[in-house]
Each structure stands twice: as C-alpha cells, then as structure tokens.
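J.:
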Amino acid sequence: MSSSPSPSTDESGSLLGPADIRELAAALGVRPTKQRGQNFVIDANTVRRIVRTAEVRPDDVVVEVGPGLGSLTLALLEAADRVVAVEIDDVLAAALPSTIAARMPERADRFSLVHSDAMHVQELPGPDPTALVANLPYNVAVPVLLHMLDRFPSIERTLVMVQAEVADRLAARPGNKVYGVPSVKANWYAEVKRAGAIGRNVFWPAPNVDSGLVSLVRRDKPIETTATKEEVFAVVDAAFAQRRKTLRAALAGWAGSAAAAETALVAAGISPQARGEALTVHEFAAIAENKPAV
0 MSSSPSPSTD ESGSLLGPAD IRELAAALGV RPTKQRGQNF VIDANTVRRI
50 VRTAEVRPDD VVVEVGPGLG SLTLALLEAA DRVVAVEIDD VLAAALPSTI
100 AARMPERADR FSLVHSDAMH VQELPGPDPT ALVANLPYNV AVPVLLHMLD
150 RFPSIERTLV MVQAEVADRL AARPGNKVYG VPSVKANWYA EVKRAGAIGR
200 NVFWPAPNVD SGLVSLVRRD KPIETTATKE EVFAVVDAAF AQRRKTLRAA
250 LAGWAGSAAA AETALVAAGI SPQARGEALT VHEFAAIAEN KPAV
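Residues in the sequence shown are numbered from 0 upward in steps of one, following numbering that gives the first Met the number 0.
Here it is in structure tokens:
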C-alpha cells in the first residue's frame, strides 16, 4: 500500500481540487501538452504548502509564471497583496480571469494577467514584484528563471517547482557532479537551496518524474567584481562546454589560446589544472576580470 497522500479537495471551496481541474479543462477543451510541459497541480494541500514554503507575506506582489488553470494562483491570492500571472497559452490566458472572479471575487481586483511568453516579458503591470512563485515546465525552467531574476531585480524571494533533476542542478554546490551552468548562474543572483520534494500524484497528468522545490533568496549585495554579468557568464559557458577538460584547455577559445587562459587563471589565483565544477561564482568572476586584452 502506498504511503503517498491522495490529492485533496479544498474544504474552503475557493481552491481547485481534482474534479474542479478536470471540469475546467473539459469546459475549455484543454488537454495538457507535452510540448509546453503542462502538468496541472490538482492538490489544494500542495499549493498551500508551496505558498507557505515561499513565505509569501500579506504585502507581497507575487509574479507567477505559467499559472495554467489557476491552482497555485488562487492560493497565492489568499496570501499575497497582489498576483501577476504570466501565461503563454491563449486558451488558459483567456479563461484565468473568469476563474479568479468566480472562485475568489473579493480578491479579483488584486489579480493581473500578462498574456505573453515569460522569456519576452520586459515589464509587469502595477507595483514592482517582490516574489516569484511558479510551477515551471522542465524544458524552459532555467532560462525563464534566470530571465525573470535578471529583468526584475525587485524580486527578493523565489520559489520554483521544477523537475527534481533540474532542482538538483540549480541547488548544487561546487564539487557536486551535477554542478554546472544553471548552478553558477542562479548563484550570481541568489542564495540557492533545495526546499522540498513534490510527488507525482498531485499533478494531472501525473509526470514520469518527481519534482522539487528550489528556494532562491536574492543576494543583499551583488557579487563584487569589475566584470559585467555577460563577461562572467561567458567564462561559465566556456568552462562547462567541455566539462572534462582542465580550465586551461576549456578556456582556450574564450581567452584566445591555452597560454592566455593560463595567464588569466594564474592572475585570478586559480590552478590551470582545475575544472569548472570546482569553482564558485566568485572565482568565475575573478577569471573574467583577468581576461587578457586581445
């Protein structure tokens, strides 16, 4: 007998349960698509747990990416001052305001919808967002997360639900075998950690993989460096493009030659024989600062 809890219904009636989700989807003719990585959360306890873990406060302006049918959106509206949802799907974007108005009319004026691809969002309506909470599809999770953190520096706290493997990569520390580009780039903006696991049975359709929660708390002070973010990220990309190579070899193209790469590494206080997976974001910044002039 499985110890996993069954999806719950919401006793208060405002949140969406399994039957509500299926009824809404049927009325809209919506079938979750693999192309967009759509797996709708059907468990009221899970969305409330996400909101608690995200530490959403009554004065927060929360941006949610990919609200789908509105499961998490409604739970966020219960707790936050305002919620701005970014949805790319035409049908889902058109239906969400009606769902909010029907199930939480007293909070409907606190909700805004942006019908767009999150990767293209450059501004949001209303006050600056203070938190990002989202169930992100695995195929776009990292680029969407990094874009939102970069574009909206007012976002102090982030909690994303992603495929467990992606969660591990984002939260990995130097020396971990899954530490890589997502780990370093996320760390540029924030302190990152795993914040829990999510089972498969709280989704419809149930995915073939487990999910994980990742917490990102923006750094009080940006990484101290004279290099730009773009310059640092160029080093990161080069270092991990050929993970098995030493940094002297991996950074040869970036620096212009292996010898030039070695010069930059030595100036940064890093062994030319080290590999990218051993370095912190601060060390990548130090390398970027010491790139030889062409």
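Even glycine gets a Cβ: it sits at the ideal position worked out from N, Cα and C.
Touching or not, the region 38 to 53 and the region 158 to 172, by the rule of three or more beta carbon pairs under 8 Å?
T.: The answer is yes - the region 158 to 172 touches the region 38 to 53, with three or more Cβ pairs under 8 Å.
J.: Assess, as a yes-or-no matter, whether the region 266 to 278 is touched by the region 210 to 224 under the definition of 3 or more beta carbon pairs within less than 8 Å.
T.: Not touching, per the Cβ criterion.
J.: Output needed for I269: all residues of its chain with C-beta closer than 8 Å, excluding positions within five of it in sequence on either side, in chain order.
T.: Only L246, L278, E282, A285 and I286 meet the Cβ criterion.
J.: Answer with buried or exposed for V90, where buried requires no fewer than 16 other C-beta atoms within 10 angstroms of its C-beta.
T.: The residue in question, V90, is exposed, as its Cβ has fewer than 16 Cβ neighbours within 10 Å.
J.: Taking 8 Å as the threshold (C-beta atoms), are V141 and P181 in contact?
T.: It is a contact, given that the beta carbons lie within the stated cut-off.
J.: Expressed to the nearest angstrom, what Euclidean distance is found between the alpha-carbon atoms of E261 and A237?
T.: Going by the C-alpha atoms only, they are around 14 Å apart.
J.: Work out the CA separation of A267 and S5 for me, nearest whole Å.
T.: Any reading at S5 must be qualified, since the residue scores a pLDDT of 42, below 50, and its modelled position is unreliable; the value itself is stated next. Roughly 53 Å between the two C-alpha positions.
J.: Among A74, I87 and V50, whose alpha-carbon lies nearest the alpha-carbon of V143?
T.: If we check each option's Cα against that of V143, I87 comes out closest.
J.: With a cut-off of 8 Å, do at least 3 Cβ pairs link the region 186 to 203 to the region 239 to 256?
T.: As far as the Cβ criterion goes, the region 186 to 203 does not touch the region 239 to 256, which means the pair count is below three.
J.: Quick test of the definition: if touching needs 3 or more C-beta pairs under 8 Å, does the region 119 to 138 touch the region 61 to 77?
T.: With the cut-off at 8 Å, the region 119 to 138 and the region 61 to 77 touch.
J.: Please classify T157: does DSSP put it in a helix, a strand, or coil?
T.: DSSP places T157 in strand when its eight states are reduced to three.
J.: Can you tell me where the beta strand (DSSP E) with L212 in it begins and where it stops?
T.: L212 -> beta strand (DSSP E) spans S210 to R217.
J.: Pull the bridge partners of N134 from the DSSP assignment, please.
T.: DSSP, once it has assigned bridges, lists M160 as partnering N134.
J.: Looking at the unbroken alpha helix (DSSP H) that takes in F110, where does it start and where does it end?
T.: Not the alpha helix (DSSP H): F110 falls in the beta strand (DSSP E), residues F110 to H114.
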